[in-house]
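First residue of the sequence shown? That's -12 in my numbering, and the numbers climb one at a time after it.
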Amino acid sequence: MERRGLMTRPDNALDKAKAYEGTITLPTYEIRGENRNPVFHSQYGVAHIYPYTLLDDIAPTPRDRTYRTLNLESGYLRVTVLPDLGGRVYSVYDKVSGREVFYKNSVIKFAPLAIRGAFFSGGVEFSFPVAHAPTTADAVNWDLRENKDGSATISCGGLEHMSRMRWTISLTLYPDRCALAQDVQLQNPLPVPGRYHYWTNASLDADDQTEFVYPLRRVRSYEFAGAASWPSARIDLITETSRLEGMEGVPEWPAHRLHEPINFRWQKNMIAQVSIFGRDVKWDFFGAWQHSSNYGCAHFADHQDVSGMKLWSWGNAGVGIMNQAALTDDGSLYAETQCGAMETQLDFDFLPPGHTRQWREWWLPLRGLGGLTCASAEVGARINLARGDGEGQVNLTVGICPVRPLGEVTVKLSVPGKALLEKKATVAPERPWLHTETVDARVLSNHPITLTVVDNGGKVVLNYTLDREVCPVEPFDAVYPERSRRAQDRPFEPKGEEEPTTAEDFYNAGLKHENFDNREEALKAYEKALALDPSHGPSHLRLGLMLLRAADFAGAEAHLRQAIAAGQTGANYYLGTLLLYQDSPEEAEGYLKAVPDGTPVSAAALCGQGRIALGRGEWEKAAELFRQARAEDVGSITASLLLAMALRRAGREEEARRGLEGVLLNDPLNHPALREMAFLMADEGTPYFAKLNRLLADDRQYTLDLACFYMDARLFADALTILRETAEGRSPDGSTSSPRRLVEGRHPDGSTSSPRRLVEGWDYPMVYYLAGELCQRLGKHDEAAEWLGKGAEADPDLVFPNRLEEIRVLTRVVGENPRDHKAKYYLGNFFYAHQRFEEAIKLWEEAEAGLESFDIVHRNLGLAYWQREGDLKRATALFEKALQINPQNQDLYLHLDDLYEAQGLTDKREALLEKMRTLTDPRDDLHKWMVVMLVDLGRYEQAIQMLTEDRFVPSEMDQSFRLAYVGAYLKRAQAHIEAGHIEEAIADYRRALEFPENVGVGQPASTANIEILYRLGCACEQLGRFWEAVAAWQEAAGEHHPHGSELFPFVQMSLDKLNRYSELGFC
-12 MERRGLMTRP DNALDKAKAY EGTITLPTYE IRGENRNPVF HSQYGVAHIY PYTLLDDIAP
48 TPRDRTYRTL NLESGYLRVT VLPDLGGRVY SVYDKVSGRE VFYKNSVIKF APLAIRGAFF
108 SGGVEFSFPV AHAPTTADAV NWDLRENKDG SATISCGGLE HMSRMRWTIS LTLYPDRCAL
168 AQDVQLQNPL PVPGRYHYWT NASLDADDQT EFVYPLRRVR SYEFAGAASW PSARIDLITE
228 TSRLEGMEGV PEWPAHRLHE PINFRWQKNM IAQVSIFGRD VKWDFFGAWQ HSSNYGCAHF
288 ADHQDVSGMK LWSWGNAGVG IMNQAALTDD GSLYAETQCG AMETQLDFDF LPPGHTRQWR
348 EWWLPLRGLG GLTCASAEVG ARINLARGDG EGQVNLTVGI CPVRPLGEVT VKLSVPGKAL
408 LEKKATVAPE RPWLHTETVD ARVLSNHPIT LTVVDNGGKV VLNYTLDREV CPVEPFDAVY
468 PERSRRAQDR PFEPKGEEEP TTAEDFYNAG LKHENFDNRE EALKAYEKAL ALDPSHGPSH
528 LRLGLMLLRA ADFAGAEAHL RQAIAAGQTG ANYYLGTLLL YQDSPEEAEG YLKAVPDGTP
588 VSAAALCGQG RIALGRGEWE KAAELFRQAR AEDVGSITAS LLLAMALRRA GREEEARRGL
648 EGVLLNDPLN HPALREMAFL MADEGTPYFA KLNRLLADDR QYTLDLACFY MDARLFADAL
708 TILRETAEGR SPDGSTSSPR RLVEGRHPDG STSSPRRLVE GWDYPMVYYL AGELCQRLGK
768 HDEAAEWLGK GAEADPDLVF PNRLEEIRVL TRVVGENPRD HKAKYYLGNF FYAHQRFEEA
828 IKLWEEAEAG LESFDIVHRN LGLAYWQREG DLKRATALFE KALQINPQNQ DLYLHLDDLY
888 EAQGLTDKRE ALLEKMRTLT DPRDDLHKWM VVMLVDLGRY EQAIQMLTED RFVPSEMDQS
948 FRLAYVGAYL KRAQAHIEAG HIEEAIADYR RALEFPENVG VGQPASTANI EILYRLGCAC
1008 EQLGRFWEAV AAWQEAAGEH HPHGSELFPF VQMSLDKLNR YSELGFC
């Protein structure tokens, strides 16, 4: 039986794809401003986000905001991207099916869920260098182009400021394809390695008929420790293995469900939230299918590039629903299919210096198949077995939906040695094909089934084999080597992870800590390795690199020289790089030349030599070195760019132009390439200048990165020119910018048509300090003094330097001008963020005398005394001083309350709480903390009033605020008990069991109400309401709280109560 789809190709089919700008107005819960306090701790335990700030102050009500949109359109699809919100794909509209491919949110509703605090849901999100990128809510660079082959492309990207690496996502529509191409390019333009991971997160509407299609065999998860089978697993049998560090979650599933097989393939089975990652991914596709609309989407990419597959669901419990309500206003629900360059989001890597990593992915909208089994870049397909009418027969269904008109194809389904069916079919995106045939089940037997689709030109567009074999089961001794029994009667004793004992053990521990960005622990581990083996080369190398990133040049140099002595590959290169940062090019050159060919840093070493040649004006020599670097690392954008720069200066302008065109073709957002092209093209260069200005306006820090690129290339005069233009607000073409900078795409007159941005002068201290440093290098000492004077006078707010070039100049400034207190403050910020704590404290102490009215320096110093020295009294005094200077710095209230509580200063907590309650627009975390304080201080009536009248925003899967809610009612109930008001106490216990929507905490799948239930039973018992008491105790005893856990005593007490009443025959 053959069935064909009923869709028709859209009437407005286009011969070529279009790219165009537009606008869209969306209700937006806006970010009210950056948090001015530098972030020195690790966020989510995986990333230090300094120099980024937190975006944790979000408006409680929406207002309409107009956003720029970037759009692609073909006859099949229309794509909309929001460059002012991290380059998020807001919409992919399928014209064939007349619907959205991904989940489309009707509102931009930020919630405190991401690495910087502000996250919004919907569409497709790109995460680099950490999950929920630091640019999620920021403007990013963009480019639109229509290509010669009829396709059209949007490119979005930028340069992140943690490791200063670049990322570009290019989305392309082709006129003949109902598919979206996604090209990912990750580039490290710096001479030191950069820590990163990359993930693409695609949202989809989720309901009980949503099916997740992953061809996996084994998975792992945050929510349960170890490995599990896919898609069905028993949580109680999940393999706990120490090889899966970081996956030590505790399942929040009801106890009675832990022993049942759960099919995670279906959204309806997600009782609680899950983050499921594929293990040992060997497949190139995954997808999802919406059976309620017979529609789906597949993703295809080479698994050697995209080795991570993930499913994320909020789950169907109240807590998951509540968290999604914090992200939208229409009650819509979603889940996410995700993919990444690493196996999990706890896995990171280091991108080598100068290296570029790139690959292509495809998103395939599909329809009419009734489900999805497999996909290629050309075709989505379904294979389905169903019981036949006759005995021993099965109905075998095959479905094909291509992404382009394939004409007549040959579809073949076979088992080894036998074709089950072979059919001709004419297929197109609007014309999927389904065929069902009855076959003898014995022919299928346990054989692998292969589906092959061949187009009319003989090209195989899909070839997939589905085997039904079980996966090898790891031997017990391999999974649990410590549990292996040599004697059957020897009892098993649980054993924790063994402590490191050798230098190699500590070195490996250091690598794990670096993976999680636990820098202090990594430093300690490498130091312990060297204490055991002073000649341990790998530890010297890793420690040297960490100290180099922290601008501890002397410490790094000592370890790198030891690494060279130990024969470590790459150590010569990194020592040469360090010497260049210290402005010792002659000595550096010798170490760079010592790097052998064929190593991961060979190309970077050649680029280093080329930069030295540029600094000497040896243009031809530099060009030859960059050619060699490009040959060594064929995909290196850095080498190609530096080569073009050298050729332009050597007067070989045509070669330089071709080289720059090649760079911009592959990397259209490359700032140095645009600048070089603008100068090279002379009168024709104005469009390049204009584009560069537009890109730099997205993030003013980009101008410093551009200047530092030229500094590192030892082209100091060019770097100085950039900084002059930046400070003065003059465009590179000599024109003067408007003093007003456009915000949110609006013109100075307030209109929003044809949005654009203008560049203004930037009064920022690091611009001035770097300019002064360059003038000194160029012998312009009077001008240098002028620039350095401006730096000392500039506003210190939101100044968090993180570039090695900045730290080098600040170190020099502090040494030469001890009265520059602001420079000491800035340098202290960097040092504290990079674990140079003692030096940071000393600098802040010296800076404090000249910055008496600046709250942040007192806050930082108080934090240091508290965290590093344990001096609570000095810390308290500094936080109090900071709060007196700036009562609007809301972080100070939270820190002070912690300090007061730790010192038992209840009266001060009371006074602080009253100050907090006078704030007109408290952040939501402060709003919640007031309730916590009220409960702690016994003011439960006021806490209950706030919990009843106010609205609180959910925090991602965070149930901690539930404790305040329950605590308030338990305390009031206890007061009622003591007063003899038992009925009122029972009412409060019952209220404590509720999950009011306004409190922002949803009911989890596995409850922890046991204390409430036990006390409710006791209160009912006092009134002789034994039936109600026994019911409460029975419910309490049914909760799962293992022996040794905090709530286990209530399990035992509830059982004791039930046991006593059972003796009376009551239950």
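Glycine included, C-beta positions come from ideal geometry on N, C-alpha and C.
Closest in alpha carbon position to residue 108, among 188, 413, 975, 25, is 188.
Excluding residues up to 5 positions away in sequence, 175, 180, 587, 588, 591 lie with their Cβ nearer than 8 Å to the Cβ of residue 339 in the same chain. Rounded to whole angstroms, residue 986 and residue 813 show a C-alpha spacing of 40 Å. For residue 5, the three-state secondary structure derived from DSSP is strand. For residue 104, DSSP assigns no beta-bridge partner whatsoever. For residue 1007, the enclosing alpha helix (DSSP H) starts and ends at 997 to 1009. In this structure, the CA atom of residue 384 is about 20 Å from the CA atom of residue 273.
Residue 141 and residue 937 have their C-alpha atoms roughly 43 Å apart. In this chain, the alpha helix (DSSP H) harbouring residue 979 covers 969 to 979. Of the other Cβ atoms in all chains shown, 16 or more fall within 10 Å of the Cβ of residue 143; this residue is therefore buried. Looking at the DSSP output, residue 321 sits in a beta bridge with 192. With respect to the 8 Å criterion, residue 631 and residue 643 are classified as neighbours on the basis of their beta carbons. Inside the stretch 157 to 194, DSSP marks no whole alpha helix (DSSP H) run of 4 or more residues. If you ignore the 5 residues before and after residue 930, its C-beta comes within less than 6 Å of the C-beta of 918, 921, 922, 955, all in its own chain and listed in chain order. Residue 13 and residue 95 do touch by the CB rule: their CB atoms are close to 5 Å apart, below 8 Å. Counted as a single uninterrupted DSSP element, the alpha helix (DSSP H) harbouring residue 531 occupies residues 524 to 536.
By the CB criterion at 8 Å, residue 128 and residue 846 fall outside the cutoff.
Beta-bridge annotation (DSSP): residue 262 is paired with 299. Nearest in C-alpha terms to residue 361, of all of 270, 69, 306, is 270. With a contact defined as Cβ atoms closer than 8 Å, residue 155 and residue 168 miss out at about 14 Å.
Beta-carbon to beta-carbon, residue 657 and residue 709 are separated by about 15 Å, too far to satisfy the 8 Å threshold. Note on geometry: alpha-carbon atoms of residue 292 and residue 328 lie some 6 Å from one another.
Considered as a whole, the stretch -4 to 80 harbours 5 to 16, 50 to 60, 64 to 69 as its complete beta strand (DSSP E) runs of no fewer than 3 residues, in chain order. Per DSSP, the continuous beta strand (DSSP E) segment holding residue 411 begins and ends at 405 to 414. Proximity to residue 548 across 536, 522, 538 peaks at 522, based on C-alpha coordinates. Per the C-alpha coordinates, the member of 874, 832, 840, 837 positioned closest to residue 862 is 832. In terms of Cβ geometry, residue 626 and residue 616 form a close pair [threshold 8 Å].
Nearest to residue 411 by C-alpha distance, out of 425, 428, 393, 455, is 393. Here the stretch 111 to 123 lies against the stretch 60 to 77, with 3 or more beta-carbon pairs under 8 Å apart. Straight across, the Cα-Cα distance linking residue 445 with residue 366 is about 15 Å. With contact defined as three or more Cβ pairs closer than 8 Å, the stretch 523 to 532 and the stretch 540 to 559 are in contact. In this structure, residue 302 keeps its C-beta atom at 8 Å or more from the C-beta atom of residue 345. Taking 4 residues as the shortest admissible run, the stretch 528 to 614 contains the following complete alpha helix (DSSP H) segments, listed from N- to C-terminal end: 540 to 552, 558 to 568, 572 to 580, 589 to 602. Following the DSSP letters along the chain, one finds residue 397 in no alpha helix (DSSP H) but inside the beta strand (DSSP E) bounded by residues 394 to 402. Within the same chain, and ignoring the five residues on either side of residue 836 in sequence, the residues whose Cβ sits closer than 8 Å to its Cβ are 808. Beyond the five residues adjoining it in sequence on each side, residue 435 comes within less than 6 Å, by CB distance, of 452, 454 in the same chain, given in chain order.
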